[in-house]
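Chains as they are written, first to last, in this note's numbering: chain A, 816 to 1007; chain B, 816 to 1007; chain C, 816 to 1007; chain D, 816 to 1007.
No residue lacks a Cβ here, since even glycine has one placed at the ideal position from N, Cα and C.
Number of protein chains: 4
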Amino acid sequence: MSKTRLEAFSDGVLAIIITIMVLEIKTPHNTSWTALLEQLPVFSSYLLSFIFIGIYWGNHHNLIGAVSHTNAAIIWSNINLLFWLSLIPFATGWMGENHYAQNTVILYAILMLLCGISFTILQICIERISKENTKLAHAFACLKQKSIFSVVCYLLAIALAYYNTLFSAILFCIVAARWIIPDRGIEKAISH
Amino acid sequence: MSKTRLEAFSDGVLAIIITIMVLEIKTPHNTSWTALLEQLPVFSSYLLSFIFIGIYWGNHHNLIGAVSHTNAAIIWSNINLLFWLSLIPFATGWMGENHYAQNTVILYAILMLLCGISFTILQICIERISKENTKLAHAFACLKQKSIFSVVCYLLAIALAYYNTLFSAILFCIVAARWIIPDRGIEKAISH
Amino acid sequence: MSKTRLEAFSDGVLAIIITIMVLEIKTPHNTSWTALLEQLPVFSSYLLSFIFIGIYWGNHHNLIGAVSHTNAAIIWSNINLLFWLSLIPFATGWMGENHYAQNTVILYAILMLLCGISFTILQICIERISKENTKLAHAFACLKQKSIFSVVCYLLAIALAYYNTLFSAILFCIVAARWIIPDRGIEKAISH
Amino acid sequence: MSKTRLEAFSDGVLAIIITIMVLEIKTPHNTSWTALLEQLPVFSSYLLSFIFIGIYWGNHHNLIGAVSHTNAAIIWSNINLLFWLSLIPFATGWMGENHYAQNTVILYAILMLLCGISFTILQICIERISKENTKLAHAFACLKQKSIFSVVCYLLAIALAYYNTLFSAILFCIVAARWIIPDRGIEKAISH
């Protein structure tokens, strides 16, 4: 089974997820700047999710780039990842509309946690069929370390949301910053 | 006529269908967990349809992978399949919003039946232009047997919905489980 | 400028147009079959537009398949065609929701007319850069003859809508039937 | 990292942005022509944004066509551009619904300014890795000159919106006209 359609389908789904979120930003019913500013929490949550999906797209790109062929495990762990990612617009909308209320931030953190775990599962499935490649092994170790860092941050974000959701928001930004540069390990491993 | 654009167009439509369903999950208007839990039927119906469309994507992938060229019959039976699949978000939304009420489950089962039949029609059109390939013939026989199994399950699901829609839901899950692993018959036939 | 991205972009836009129309079919608020049947006009208008966009996709596929390279005229006449096609969900929704009321049918026919003219403009732009190909010339003549037939039908549909919109609906079906088989002229011309 | 998926993802996002705007044009609740004409401002703002996104697509096409490989800077400046472009449906809807009210036109001009700047950033990132190519250098200079022209127009549009939003609308049209033909400089530079 070729990976071309896997990439095309994933790109399609990611492109749609990243774009339909903007439908959550309702146009204000009057034309004052105040009415527009009231959309700021919605807008900021959209920005955050846009960055996260951009990160997933970049890393998904690298991960699938490392595969020479696909199997059922990769296809289903990829569909599993896309499923959790597809819920991001919902969680983003709930969080933005309710001005980062406690429960909504916790749900967002849980969803991010599930997306992170799903990404790691996909990575493990890909590792299994690329065992002999020692350079990739190094790249995969880099990715795994970043994933563990993210999981810890998400768990902290859930816990800290009970005190102040601002801490959770800061943790989301830290995770984003940690991931924002696509992993050069894999890139190099592939190009060599 | 090349099959590249047929794949690209189908991938696009399937990616959109699978993603717009999430728009049916309305964000709750307050931030309590109870309000979120009320979305559980909507969420579970979304999950079910997501899996079904994932299955269709995987098998469509295999089926089109078996074609070397396309003709008008394949193009139109493919558009026919996409049409019925495109109605899944509607049927999913109706079923989820109404907590799996009898009529909504029956409609969902009928739609699944029509999708299954459309997939079989597409398969027959593809078989016709790949007659000489004996290995594919075996793979097609596997697919057809699975399709008959599904059709029987859907018919049962329609009938049992008059007693208890839970039986129908279980049958949907059985069909999903039966299909969840992409058919290796075709994969092998193509790779040899 | 390569035609790959022109095809990819057009496929994307067509896939989205064909799928977002289904968002116009609102889920009924109760679970009776009567409530579902009330959606029949919306459903039938969706079916009609789905077929028309499928036809445009198939013929667009053939037309672009005939090009070896693109230029600014092709790109902009393609964007022009996509613009009119993108209004189909709007016209379809208005017509379906209002049970094929006179004005809505007239608007639909006018839009179809504009789409048809835009397709012909795109064809002319493509013809200009493929002048030396005599086989294609025959295929283009076939397409042009079909387009003239459609334009006449649409004009008739507009006029007859003032008597009875049923006549217009029948004319739409006649046009669809005329186009439903992708033009073999171009296919043959390309394959030889 | 290959540029194929960068193109595919960008095409997907642009195709969705250009198409979801049409969802902003609500179907009138009655069937009179007057009700339809009331949608004219919404329709005209949709047309304007459709042309702008078409222009961005064409130029993005040319710009990425000039790259032989990608790096993190290109990927992130591309995601940055897509982010601002993804807000166009929101700004378009707000402007159209409120009949080109002052604030809405100013927001639209600001957004266009940000999109223009983001495009220039992407261009600079691409320039950096194609320094040795002297023909491209000429093409890039053309693009940059056009971008400066646009930025000046957008700034003027913001200022003039305080007098009369009609001037701003005219300026938008002038920018569109200036860009509407894809830059032949790059095309030629690549083809030679």
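- When the Cα atoms are used, residue 872(B) and residue 817(D) turn out to be separated by approximately 25 angstroms.
- Think of a sphere of 7 angstroms around the beta carbon of residue 905(D): the chain A residues whose beta carbon falls inside it are 837, 840, 842, in chain order.
- Residue 882(B) carries a coil assignment under DSSP once its states are collapsed to helix, strand and coil.
- In this structure, residue 833(D) keeps its C-beta atom at 9 angstroms or more from the C-beta atom of residue 837(A).
- Out of 902(B), 881(B), 919(B), 914(B), the CA that lies nearest to the CA of residue 849(C) is found in 919(B).
- Residue 865(D) holds the alpha-carbon nearest to the alpha-carbon of residue 895(C) among 955(D), 851(D), 865(D).
- Your pair residue 917(C) and residue 980(C) checks out as a contact, with CB atoms roughly 6 angstroms apart and the cut at 8 angstroms.
- For residue 907(B), the enclosing alpha helix (DSSP H) has its first and last residue at 903–912.
- By the beta-carbon neighbour count (other beta carbons within 10 angstroms, threshold 16), residue 949(B) is exposed.
- Using a C-beta cut-off of 8 angstroms, the stretch 880–899 of chain A makes contact with the stretch 928–948 of chain A, since at least three inter-stretch Cβ pairs fall below that distance.
- Under the Cβ criterion of 9 angstroms, residue 893(A) is not counted among the residues facing chain D.
- In this structure residue 914(B) touches residue 856(B) by the C-beta definition: roughly 5 angstroms separates them, less than 8 angstroms.
- Every alpha helix (DSSP H) of 4 residues or more that sits fully in the stretch 910–995 of chain B is shown, in chain order, as 917–943, 949–975, 980–994.
- For the stretch 855–879 of chain D, the beta-carbon criterion of a distance under 7 angstroms to any beta-carbon of chain C is satisfied by 865, 869, 872, 873, 876.
- Residues of chain C with a Cβ closer than 7 angstroms to the Cβ of residue 912(B) are, in chain order, 842.
- Under the 9 angstroms criterion on CB atoms, residue 829(C) is classed as interfacial with respect to chain B.
- Within its own chain, the residues whose Cβ lies closer than 6 angstroms to the Cβ of residue 908(D), once the five positions on either side in sequence are excluded, are 839, listed in chain order.
- Between the alpha carbons of residue 988(B) and residue 863(B) lies a distance of about 8 angstroms.
- For the stretch 960–972 of chain A, the set of residues with a beta-carbon nearer than 9 angstroms to any beta-carbon of chain B is empty.
- DSSP, reduced to helix, strand and coil, places residue 845(A) outside both helices and strands of the structure shown, so it counts as coil.
- With fewer than 16 neighbouring CB atoms inside 10 Å of its own CB, residue 963(B) falls in the exposed class.
- Within a 10 Å sphere around the beta-carbon of residue 852(B) sit fewer than 16 other beta-carbons, which makes this residue exposed.
- Using a Cβ-Cβ cut-off of 9 angstroms, residue 938(B) does not count as an interface residue toward chain C, since no Cβ of chain C sits closer than that to its own.
- Inter-residue distance for residue 900(D) and residue 994(D) is about 16 angstroms (C-alpha atoms, whole angstroms).
- Listed along chain D, the residues sitting closer than 7 angstroms to residue 846(A) by beta-carbon distance are 913, 916, 918, 919.
- Scanning chain B for C-beta atoms nearer than 8 angstroms to the C-beta of residue 823(C) yields 823, reported in chain order.
- With fewer than 16 other Cβ atoms from the protein chains shown falling within 10 Å of its own Cβ, residue 847(D) counts as exposed.
- A Cβ-Cβ contact shorter than 9 angstroms links residue 951(C) with residue 881(C).
- When secondary structure is reduced to three states using DSSP, residue 835(A) falls in the helix class.
- At a cut-off of 9 angstroms between beta carbons, residue 909(A) contacts chain B.
- Between the C-alpha atoms of residue 905(D) and residue 827(D) there is a straight-line separation of about 18 angstroms.
- Around the beta carbon of residue 967(A), a 10 Å sphere encloses fewer than 16 other beta carbons of the protein chains shown; the residue is thus reported as exposed.
- Apart from the 5 residues on each side of it in sequence, residue 912(D) sits with its Cβ closer than 7 angstroms to the Cβ of 857 in its chain, given in chain order.
- Apart from the 5 residues on each side of it in sequence, residue 969(D) sits with its Cβ closer than 6 angstroms to the Cβ of 924, 927, 928 in its chain, given in chain order.
- Using a Cβ distance threshold of 9 angstroms, residue 973(B) and residue 932(B) do not count as a contacting pair.
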